[in-house]
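Undergrad: Got a structure for you, written out below as C-alpha cells; questions coming shortly.
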C-alpha cells in the first residue's frame, strides 16, 4: 500500500497563477484533510472532507477550493496564488473524523509563490 | 495565546539522555495526539491519549486531564530520534485537531 500520496512534491508559481495539488489514499479511509505548515506555526487545517461527497472549511480556507473527487482523491486548488500561500502543504486521511482515529499524512508539497 | 503550547521549542541532548517534551492546552479535550515529523518532512502519528499513560518502545506519553498537560518522554535517546515532535488536541466541542508549533529535538552522538 502506498498510503497517502501527494503530487507534486515541489512547485514554484508566479503571483496570480493557478494550480491544483493532488492527494490520493489507498487505505479506504472516509475522511481526508488539507493542512498548511508555516515556520513558527503549527499545522493549520485548510479544508476537510468527513466523507465522500462532503467538504467543510477549516481554520484558514480563504484563497483555496477543494474537491472530493471520489473516496480516494481529495484535491486542493489555488485559483490565484499569492505570496502568502507560500507554504508546505500536507494531505492526511483517517478512517473517520472521530478523535480516536489516527491521521495518516502524505509526504507534503513545498509551494513557493513569487 | 495559542490553545496548544509546547515546551521547549528546541532541545539538544546527548545520546543516551532521558528526554521530556511538554504540551499544555487551554481547552477541554476529548483526545490528545503526539506526532513525529522527520527531517525529510514526513509526519507520523506516535500516540493517541485520552487518559493515563501509553508506552511504545522507548517512547512514553502521559496525560493529566485535570491539569491540561501532557508529556512525551524518550528513554535512552538516540540520534535517530532527532525530529520535530508535535502535540495536537481535539476539543470536546469540535471535530478537528489543533496543533502545537512543535519541539525540535536534536540528539548528538
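Protein chains in written order, with our numbering: chain A, 1 to 114; chain B, 1 to 109. Yeah, the Cβ is synthetic: ideal placement off N, Cα and C, and Gly gets one too. The structure presented is a predicted model; accordingly, all values stated were derived computationally and were not measured.
1. Show which residues of chain B have a CB atom less than 7 Å away from the CB atom of residue 116 of chain A.
2. Need the endpoints of the beta strand (DSSP E) that residue 126 of chain A sits in, please.
3. What's the call for residue 70 of chain B, buried or exposed, on a 16-neighbour Cβ count within 10 Å?
4. Please report the straight-line C-alpha distance between residue 107 of chain A and residue 26 of chain B, rounded to a whole angstrom.
5. Within 8 Å of any Cβ in chain B, is that where the Cβ of residue 48 of chain A sits?
6. Quick one, which of B:54, B:89, B:73 and B:102 has its alpha-carbon nearest residue 9 of chain B's?
7. Please report whether the beta-carbon of residue 51 of chain B lies at a distance below 8 Å from any beta-carbon of chain A.
8. Taking the beta strand (DSSP E) that residue 27 of chain A belongs to, which residues open and close that run?
9. Helix, strand or coil, according to DSSP, for residue 80 of chain B in the structure here?
10. Would you please verify whether the beta carbon of residue 3 of chain A is less than 8 Å from any beta carbon of chain B?
11. Which term fits residue 76 of chain B, buried or exposed, when burial requires 16 or more other beta carbons within 10 angstroms of its beta carbon?
12. In three-state terms, what does DSSP make of residue 84 of chain A?
TA: In brief:
1. Lying outside 1 to 114, the shown extent of chain A, residue 116 of chain A is not represented and no answer is given.
2. For chain A, the structure presents residues 1 to 114; residue 126 of chain A sits outside this window and is missing.
3. buried
4. 30 Å
5. Yes - at least one Cβ of chain B is within 8 Å of the one on residue 48 of chain A.
6. Check the Cα spacing between residue 9 of chain B and each of B:54, B:89, B:73 and B:102: the tightest is with B:102.
7. no
8. Here residue 27 of chain A belongs to no beta strand (DSSP E), and DSSP marks it neither H nor E.
9. Collapsing the DSSP output to three states places residue 80 of chain B in a helix.
10. no
11. Looking at its Cβ environment, which holds fewer than 16 other Cβ atoms inside 10 Å, residue 76 of chain B is exposed.
12. helix
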